Amino acid sequence: MRRSLFARILLLVLATLAVAQGINLAVLTLVKPPPILSIGLTSIAIGIESGGTRGANGRLSYVPDDKPRPFDPQDGAAGPLLAGTLARQLGLPQGNVILDLDRQQNGKIVHLIPRDAAANAPLEPALVGHFVISVKRPDGRWLIVQPKNRGLLESWEQQFLLLFLAGAVLMLPAAWLFARRLAEPFRALAAAADRLGRDPSAPPPRIDGPIEVQRAAHAFTQMQQRLRAYVDDRTQMVGAIAHDLRTPLTRLAFRIENLDEPQRDPMARDVAEMEAMVAATMAFVRGANEVRERQRIELGSLVERVADDMAITGRRVQADAEDRLVVEGDPVNLRRLFNNLFDNAEKFGASARARAYRDGRFAIVDIDDDGPGLPQGELERVFEPFYRTERSRNRETGGIGLGLSVVRTIARAHGGDVLLENRTEGGLRARVTLPLDTSGRT
Numbered sequence: 001m002r003r004s005l006f007a008r009i010l011l012l013v014l015a016t017l018a019v020a021q022g023i024n025l026a027v028l029t030l031v032k033p034p035p036i037l038s039i040g041l042t043s044i045a046i047g048i049e050s051g052g053t054r055g056a057n058g059r060l061s062y063v064p065d066d067k068p069r070p071f072d073p074q075d076g077a078a079g080p081l082l083a084g085t086l087a088r089q090l091g092l093p094q095g096n097v098i099l100d101l102d103r104q105q106n107g108k109i110v111h112l113i114p115r116d117a118a119a120n121a122p123l124e125p126a127l128v129g130h131f132v133i134s135v136k137r138p139d140g141r142w143l144i145v146q147p148k149n150r151g152l153l154e155s156w157e158q159q160f161l162l163l164f165l166a167g168a169v170l171m172l173p174a175a176w177l178f179a180r181r182l183a184e185p186f187r188a189l190a191a192a193a194d195r196l197g198r199d200p201s202a203p204p205p206r207i208d209g210p211i212e213v214q215r216a217a218h219a220f221t222q223m224q225q226r227l228r229a230y231v232d233d234r235t236q237m238v239g240a241i242a243h244d245l246r247t248p249l250t251r252l253a254f255r256i257e258n259l260d261e262p263q264r265d266p267m268a269r270d271v272a273e274m275e276a277m278v279a280a281t282m283a284f285v286r287g288a289n290e291v292r293e294r295q296r297i298e299l300g301s302l303v304e305r306v307a308d309d310m311a312i313t314g315r316r317v318q319a320d321a322e323d324r325l326v327v328e329g330d331p332v333n334l335r336r337l338f339n340n341l342f343d344n345a346e347k348f349g350a351s352a353r354a355r356a357y358r359d360g361r362f363a364i365v366d367i368d369d370d371g372p373g374l375p376q377g378e379l380e381r382v383f384e385p386f387y388r389t390e391r392s393r394n395r396e397t398g399g400i401g402l403g404l405s406v407v408r409t410i411a412r413a414h415g416g417d418v419l420l421e422n423r424t425e426g427g428l429r430a431r432v433t434l435p436l437d438t439s440g441r442t
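full-length UniProt numbering puts the first residue of the sequence shown at 1, with every later residue one more than the last.
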């Protein structure tokens, strides 16, 4: 059964909570923190008198020093009071014993009650937590007594850390697998959107995944079909209009033949131009409606072949390309694209020089000429259908203004683009950008 995205996320959250609660339960049942360190003054006194060989069960360190540890007499009254008690047990003057308590423990005195003591047994003072005792010995040197350093982690803290790491190790593979399976349908949907940009006639994507992703994929497919139908309707309408114009243009051409020569020639040229526009429009419509199978193409070889074919006929065209510039596309339309750009560069710029190279995830083809270039404001307008620059492209030199529009349409149908820019050293550069095919298919 296909679960929804909401159910999958909820399942992961519940599993995470279950593991977290399991770790908490394991900590409560398995990890026992040590009891609070409390050492009676009598045990401390025995340890000081014996030099650390007896008393306190090895929980204290005894370090000789030339001076006592700093002590702030304003810290509280518990320190001097207990220091006096310890000094009496050691048989030393009260000034020879200095007790520095932990600030959190200062002001608190703990009394230990032996388990086997009688009800009226005296209470023994004890020290809790961290403390530092400075004892002046008869030789004038000081003995520093304090609890031993417990190290970086005590055993119970190590157990807690191990349980935490075990829970993380248990959850990480499940979380990784869940995230991977959750992200895969979205990657497929993004790839389908990218494929639609390259090839509007691409088949609808088949995407498995949660219900929400299935709905998004279905909406994407419907959008793709509507866009394709919209473009097809408009293209067919333009083709039908162009086709219907042929008949009245033919009748008009016959009638012009009966006119006097001074009027006939200009009108005949106008009719011929209109017929050329109709023919170009029909060719454009046929190319737009013709669906060809995409294939992996070595772009550098294709560009060089187009240049060689034109050079054989005496055209001043040359190309240089890197190896392994593989793109996925329609070889017929790509040849048409570069034929058009080479033809424009050679016709209006004296010569055409192409260079194909790799730039990241894209294949770039720069086609340079030595012509006058274009005004900055026309570098984009020349891609508009039926637009011509009167300075360089006119009726006498041929073309009706559909060539560059077709070129950009082909490039964008392959997921790329075509831009024009004036070269600093003079001339015009047409830059074709096409995405490289990284699928590895043969």
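Glycine included, each C-beta is placed from N, C-alpha and C at the ideal position. All values derive from a computational prediction rather than experimental measurement.
Quickly, what does DSSP pair residue i with across the bridge? List them, please.
{"i": "Arg-433", "result": "Correcting the residue type first, residue 433 is Thr in the shown sequence and not Arg. For Thr-433, which the question treats as bridged, DSSP gives the partners Ile-364 and Asp-417."}
{"i": "Ala-356", "result": "Ala-321 and Val-365"}
{"i": "Asp-370", "result": "DSSP lists no partner for Asp-370."}
{"i": "Gln-146", "result": "Ser-61"}
{"i": "Gln-295", "result": "Gly-329"}
{"i": "Val-97", "result": "Val-135"}
{"i": "Leu-170", "result": "BP columns for Leu-170 are empty, so no partner."}
{"i": "Leu-428", "result": "Asn-422"}
With 16 as the cutoff for other CB atoms within 10 Å, does residue i come out buried or exposed?
{"i": "Pro-93", "result": "exposed"}
{"i": "Gln-224", "result": "buried"}
{"i": "Gly-349", "result": "buried"}
{"i": "Met-237", "result": "exposed"}
{"i": "residue 470", "result": "The structure shown does not extend to residue 470, since the chain spans only 1 to 442, so no value can be given for it."}
{"i": "Pro-210", "result": "buried"}
{"i": "Arg-408", "result": "buried"}
{"i": "residue 478", "result": "Nothing in the structure corresponds to residue 478, since the chain is present only between 1 and 442."}
{"i": "Leu-302", "result": "buried"}
{"i": "Trp-176", "result": "exposed"}
{"i": "Ser-43", "result": "buried"}
{"i": "Leu-161", "result": "exposed"}
{"i": "Leu-41", "result": "buried"}
{"i": "Glu-346", "result": "buried"}
{"i": "Ala-352", "result": "buried"}
{"i": "Leu-25", "result": "exposed"}
{"i": "His-243", "result": "exposed"}
Helix, strand or coil: which one does DSSP assign to residue i?
{"i": "Asp-330", "result": "coil"}
{"i": "Asn-422", "result": "strand"}
{"i": "Ile-211", "result": "helix"}
{"i": "Gly-40", "result": "strand"}
{"i": "Ser-134", "result": "strand"}
{"i": "Leu-92", "result": "coil"}
{"i": "Pro-125", "result": "strand"}
{"i": "Leu-379", "result": "coil"}
{"i": "Asn-106", "result": "Because the pLDDT at Asn-106 is just 46, under 50, the model does not fix this residue reliably, and the point stays unresolved."}
{"i": "Leu-402", "result": "coil"}
{"i": "Arg-316", "result": "coil"}
{"i": "Arg-412", "result": "helix"}
{"i": "Asp-343", "result": "helix"}
{"i": "Ala-350", "result": "coil"}
{"i": "Ser-301", "result": "helix"}
{"i": "Glu-384", "result": "coil"}
{"i": "Leu-11", "result": "helix"}
{"i": "Thr-438", "result": "coil"}
{"i": "Gly-47", "result": "helix"}
{"i": "Asp-66", "result": "coil"}
{"i": "Pro-205", "result": "coil"}
{"i": "Gly-140", "result": "coil"}
Considering only residues of the same chain and omitting the five flanking positions on each side of residue i, which have a CB-CB separation below 8 Å?
{"i": "Ile-207", "result": "Pro-185, Ala-188, Leu-189, Ala-192, Val-213, Gln-214 and Ala-217"}
{"i": "Leu-436", "result": "Leu-325, Val-326, Val-327, Arg-358, Arg-361, Phe-362 and Ala-363"}
Determine whether the Cβ of residue i lies closer than 8 Å to any Cβ atom of chain D.
{"i": "Glu-275", "result": "In summary, chain D is missing from the structure at hand, where a single protein chain is found."}
Given residue i, which residues of its chain have a CB within under 7 Å of its CB, disregarding the five upstream and five downstream residues?
{"i": "Ile-144", "result": "Val-63, Asp-65, Arg-69, Val-132 and Ser-134"}
{"i": "Leu-252", "result": "Val-271"}
{"i": "Met-381", "result": "First, the amino acid is wrong: residue 381 is Arg here, not Met. Cβ within range, chain order: Tyr-387."}
{"i": "Glu-298", "result": "Leu-325 and Val-326"}
{"i": "Ala-405", "result": "First, the amino acid is wrong: residue 405 is Ser here, not Ala. Excluding residues within five positions, the ones whose Cβ falls inside 7 Å are Phe-383, Glu-384 and Pro-385."}
{"i": "Arg-335", "result": "Leu-302 and Val-306"}
What do you reckon, is the C-beta of residue i under 7 Å from a heavy atom of the ligand ADP?
{"i": "Ala-166", "result": "The model depicted lacks the ligand ADP and carries no ligand whatsoever."}
CB-CB under 6 Å to residue i, same chain, minus the five flanking residues each way: which ones, in chain order?
{"i": "Arg-264", "result": "Ile-256"}
{"i": "Ala-319", "result": "Val-303, Glu-304, Ala-307 and Ala-354"}
{"i": "Glu-421", "result": "Arg-429"}
{"i": "Gly-403", "result": "Asn-340"}
{"i": "Thr-221", "result": "Pro-204"}
With a floor of 4 residues, list each alpha helix (DSSP H) that falls wholly inside the segment 229 to 270, ordered by position along the chain.
Correct list: empty.
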